[in-house]
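Peer 1:
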Amino acid sequence: MDFLLTHKPKNNYLCTLLKYREMQLSEQEIIRREKLNKLVEMGINAFPAEEYTITDTTESIKKDFAESKHVKIAGRLMSRRIQGKASFAELQDSTGKIQVYFNRDEICTGEDKTLYNEVYKHLLDIGDIIGIEGDLFTTQVGEKTVLVKNFTLLTKALRPLPQAKTDENGVVHDAFNDPEMRYRQRYVDLTVNPHVREVFVKRTKLFNAMRNFFNNAGYFEVETPILQSIPGGAAARPFMTHHNALDIPLYLRIANELYLKRLIVGGFDGVYEFSKNFRNEGMDRTHNPEFTAMEIYVAYKDYNWMMDFTEKLLEFCATQVNGNTESTFGEHNISWKAPYPRVSMTEAIQKFTGFDITGKTEQELFDFAKSIGIDVNETMGKGKLIDEIFGEKCEGNFIQPTFITDYPIEMSPLTKKHRSKEGLTERFELMVCGKEIANAYSELNDPIDQRERFEEQLKLSEKGDDEAGQFIDEDFLRALEYGMPPTSGLGIGMDRLIMFLTNNASIQEVLFFPQMKPEKAVVQIELGEDENAILDILKTQEEAFPLAEVKEKSKLSGKKWDKASKVLTKNNLVKVEKIDENVFMKLA
204 MDFLLTHKPK
214 NNYLCTLLKY
224 REMQLSEQEI
234 IRREKLNKLV
244 EMGINAFPAE
254 EYTITDTTES
264 IKKDFAESKH
274 VKIAGRLMSR
284 RIQGKASFAE
294 LQDSTGKIQV
304 YFNRDEICTG
314 EDKTLYNEVY
324 KHLLDIGDII
334 GIEGDLFTTQ
344 VGEKTVLVKN
354 FTLLTKALRP
364 LPQAKTDENG
374 VVHDAFNDPE
384 MRYRQRYVDL
394 TVNPHVREVF
404 VKRTKLFNAM
414 RNFFNNAGYF
424 EVETPILQSI
434 PGGAAARPFM
444 THHNALDIPL
454 YLRIANELYL
464 KRLIVGGFDG
474 VYEFSKNFRN
484 EGMDRTHNPE
494 FTAMEIYVAY
504 KDYNWMMDFT
514 EKLLEFCATQ
524 VNGNTESTFG
534 EHNISWKAPY
544 PRVSMTEAIQ
554 KFTGFDITGK
564 TEQELFDFAK
574 SIGIDVNETM
584 GKGKLIDEIF
594 GEKCEGNFIQ
604 PTFITDYPIE
614 MSPLTKKHRS
624 KEGLTERFEL
634 MVCGKEIANA
644 YSELNDPIDQ
654 RERFEEQLKL
664 SEKGDDEAGQ
674 FIDEDFLRAL
684 EYGMPPTSGL
694 GIGMDRLIMF
704 LTNNASIQEV
714 LFFPQMKPEK
724 AVVQIELGED
734 ENAILDILKT
744 QEEAFPLAEV
754 KEKSKLSGKK
764 WDKASKVLTK
774 NNLVKVEKID
784 ENVFMKLA
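Under the numbering used here, the first residue of the sequence shown carries the number 204, and numbering increases by one thereafter.
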C-alpha cells in the first residue's frame, strides 16, 4: 500500500489538540484536526513533498475516453456516497469534475482493508486533495467513471468547504453566494462556484488578444515606473509613500501616460503597457483603488486614426473572448462590431439638455448646471462644470459603443487643440452602457502650450479642485522641448471592459482579490455545559441531525435546550434549517 508512508512529520499534532478550543475553532475544524492526528499516528503524511505525476485531467479523460484505459489524476474530493464496501465520489481538478468509484476489494487486494475501511471511510473529508490511479469504465446509466485502484492523500483540508444542497422543490440551501465572503475568500469561491473561474479565464483571453493585436501591428510592450516623484498623466488623488534612503516623498502611479510619451520622444514609433494604477479615492461597484489600465501611443497618428484603430481592436477582442462580436450586459445586448457612431460632446449636451455650451462663460455654465439640479460649487472651473453636466444628463444615454468627441480645452490639459474648432480639443472617450471605457487624444506636443495647461491646472488645484493637477512635471516638459512627433494615445480601463464582456455589474467580480474593508475581529464565545452537550452530539457526523433527535440525545430540559440552542445559532456555531416538512440541525 503506497498510501501508508513510514515518514512522520516532526510537528507534534497531539500536543496541538489541547489548544484547539483556545484557537476558536469550530467543531468541524476540531474533528478534522483530530483526523489529521490519527493519520500521523498511522504514519501517513497528510502534506507530502514529493511530486505526484498525473497522466490526465478530467477534461482530457472525457474528451479521449476509452474503456479500461489506465489513468492517474489528482484533484479535490467534492462529494461522496458511501455504501458499505463501495462508494461513488466526485473529484474536481482545474478542468472540471469526474465521477470516481471506490471499491474496498479493488483498493485493498490483500487481507488488510485499512486503506478503505479506516482511511477512506473515516479519515478523509470533503475538500481533501487526493491523487487517484485507476481504470476507466462507463456505469449502467452512462456516466464516465474512474475505477480507483489506488489513492494517495496529497493535502488534508482542515476547514470544511461550504456545501450547497438542493431540496425536492429545487430550492438551494447553504450556497456560498454572499458577495463579501466570496471576495474575501476567493479561493473558496473558485472551488465551490466553478462558473467564477470562467470570468477570469476570459479576462486572461482579453489581455492576450489585445497584446497579440498590438504586437501584430508592430508596437512594442514596455514597463514604466510605479513609484513616481510626481503623480502625473491624470486628474486623480494619489497614494503617497516615503523613500527612506533618498528621504523624499514618492507617489504610486495614477497613470503611465507621461513616461510612455517620453519613449515616443526617444524614438519608438509605438509603445504600449498594461499598468497597475492606484488612486486614493472612493470605492464602489465600478471603482477599485488598484486597477489595470492599458495605454498605447503611436507616432505620426491623430485621434481620427485612433478611433478607427480602437473599434477594430475591440471587435477583435470581443471575438477572441466570447467567440463573436456580441455580449450581454444586464438588460442590454452590446454589439462590438465596427464602426461605432461619433458624437461631439457639444452635440450630446445640446441634444439631451437643450443647452449649447459653445462660448459660454464659467458663470453661465455654473448657473445652468445649478438650474437643472446638478450639485456644483465655486471650486469648479469650466471643464469640471461641463463634465458634471455631461455625466449627469448625457452619459447614461449611450448604450451601444459610441465615441464622444471634441472635448472643451478646459477638460483636457494633455490634449492638442482642435485644428478647426476654437476652444475644443482633439479628444474622444468611448462610452458603453453609460460608462467610459476608453479615452484618447491627438497628444499635445507643443511644450509652451503644455506648460500653460499645467499652470492652469495648478490654479484650479489652489482654488480647491482636489482632482486638478497639483504639480508641473519639469522633466516631461524638457522631453517635449527635444521634440515629440505628432502622436495619438489611447487608454482603456481593462477591468471595466471585461465587466462588459462577461456581464458583471460589479468590478469586484472581475478582480481576483478586490480591496475590502478590514475584516471584523472574531469575538471569543464562552460556552457552557449545555452548549457543549449539543456540539458533542453534532460532531459525531458531518451530516445534519433531525432537530428532535439532537434534543432527545442532549437530555436537556425545554428551558435549557431553548437557551443553549439560541446561543449556538446566534453565534453561528450551528445551523437550523427546514427541508420539506422536517427540521434539521448541523454544525456551521
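Every residue gets a Cβ at the ideal spot worked out from N, C-alpha and C, and that includes glycine.
1) Would Lys624 be called buried (16 or more neighbouring beta carbons within 10 Å of its own) or exposed?
2) Starting from Lys762, trace the alpha helix (DSSP H) both ways and give me its first and last residue.
3) Straight-line CA distance for Lys758 to Ala767?
4) How is the alpha helix (DSSP H) around Tyr386 delimited, first residue to last?
5) Which of helix, strand or coil does DSSP assign to Ala572?
6) Where does Arg630 fall in DSSP's three states?
7) Using the C-alpha atoms, what's the distance from Thr394 back to Met204?
8) To which residues of the same chain is Thr260 closer than 6 Å at the C-beta, ignoring the five residues directly before and after it?
9) With C-beta atoms as the reference, is Glu632 less than 9 Å away from Tyr610?
10) Using a Cβ-Cβ cut-off of 7 Å (strictly less than) and excluding sequence neighbours within five positions of Lys324, which residues of its own chain qualify?
11) Kindly indicate the opening and closing residues of the alpha helix (DSSP H) around Met165.
12) According to DSSP, is Lys182 part of a helix, a strand, or is it coil?
13) What's the C-alpha gap between Ala682 and Phe494?
14) For a minimum of 4 consecutive residues, which ranges assigned as the alpha helix (DSSP H) are wholly contained in the region 247-285?
15) Hey, how far is the Cα of Val322 from the Cα of Ile782?
16) Can you tell which of Pro650, Lys540, Ile612 and Asp578 has its C-alpha closest to the C-alpha of Gln603?
17) May I have the straight-line CA-CA distance separating His210 from Phe250, to the nearest angstrom?
18) Go through the region 430-475 residue by residue and report every complete run of the beta strand (DSSP E) that reaches 3 residues or more, in order.
19) Assuming Ser538 and Thr528 form a contact by the criterion Cβ under 8 Å, report the distance between their Cβ atoms to the nearest whole angstrom.
20) For Asn306, tell me which candidate among Gly330, Arg279, Glu336 and Ile332 has the shortest Cα-Cα distance.
21) Since Met614 is in the beta strand (DSSP E), which residue starts that stretch and which ends it?
22) Under 6 Å Cβ to Cβ from Lys742, same chain only, skipping five residues before and after it: list those, please.
23) How far does the alpha helix (DSSP H) with Leu242 in it reach, from first residue to last?
24) Does the beta-carbon of Leu228, which I'm using as the reference point, lie nearer than 8 Å to any heavy atom of the ligand PLP?
Peer 2: Working from what's here:
1) The residue in question, Lys624, is exposed, as its Cβ has fewer than 16 Cβ neighbours within 10 Å.
2) Taken as a continuous stretch (DSSP letters only), the alpha helix (DSSP H) holding Lys762 covers Gly761 to Lys773.
3) For Lys758 and Ala767, the gap between their C-alpha atoms comes out near 12 Å.
4) Taken as a continuous stretch (DSSP letters only), the alpha helix (DSSP H) holding Tyr386 covers Pro382 to Arg387.
5) When DSSP states are grouped into helix, strand and coil, Ala572 belongs to the helix group.
6) The three-state reading of DSSP puts Arg630 in strand, counting E and B together.
7) At Met204, the pLDDT of 37 sits below 50, so the modelled position is not reliable and the matter cannot be decided from this model.
8) So the qualifying residues of the chain are Asp296 and Thr298.
9) Result yes, Cβ atoms of Glu632 and Tyr610 sit closer than 9 Å.
10) Excluding residues within five positions, the ones whose Cβ falls inside 7 Å are Ile285.
11) Summary: the structure shown does not reach residue 165, with the chain confined to residues 204 through 791, and so no result is reported for it.
12) This structure leaves residue 182 out entirely; the chain is present only between 204 and 791.
13) For Ala682 and Phe494, the gap between their C-alpha atoms comes out near 28 Å.
14) For the region 247-285, whole alpha helix (DSSP H) runs of length 4 or above, ordered along the chain, are 261-266.
15) Each residue's Cα considered, the two are about 31 Å apart.
16) Out of Pro650, Lys540, Ile612 and Asp578, Lys540 has the C-alpha closest to the C-alpha of Gln603.
17) Note that His210 scores 37 on pLDDT, short of 50, meaning its location in the model is unreliable; the coordinates nonetheless yield the value given after this. The alpha-carbon atoms of His210 and Phe250 are separated by roughly 11 Å.
18) List check, beta strand (DSSP E) in window: 443-446 and 451-455.
19) The C-beta distance from Ser538 to Thr528 rounds to 6 Å, short enough to meet the 8 Å contact threshold.
20) Closest in alpha carbon position to Asn306, among Gly330, Arg279, Glu336 and Ile332, is Glu336.
21) Under the DSSP assignment, Met614 falls outside any beta strand (DSSP E); it carries neither an H nor an E label.
22) Take Lys742, set aside five residues on each side of it, and the residues of its chain with a beta-carbon closer than 6 Å to its own are Glu230 and Ile234, in chain order.
23) First-last of the alpha helix (DSSP H) with Leu242: Glu230 to Glu244.
24) This structure lacks the ligand PLP, and indeed carries no ligand of any kind.
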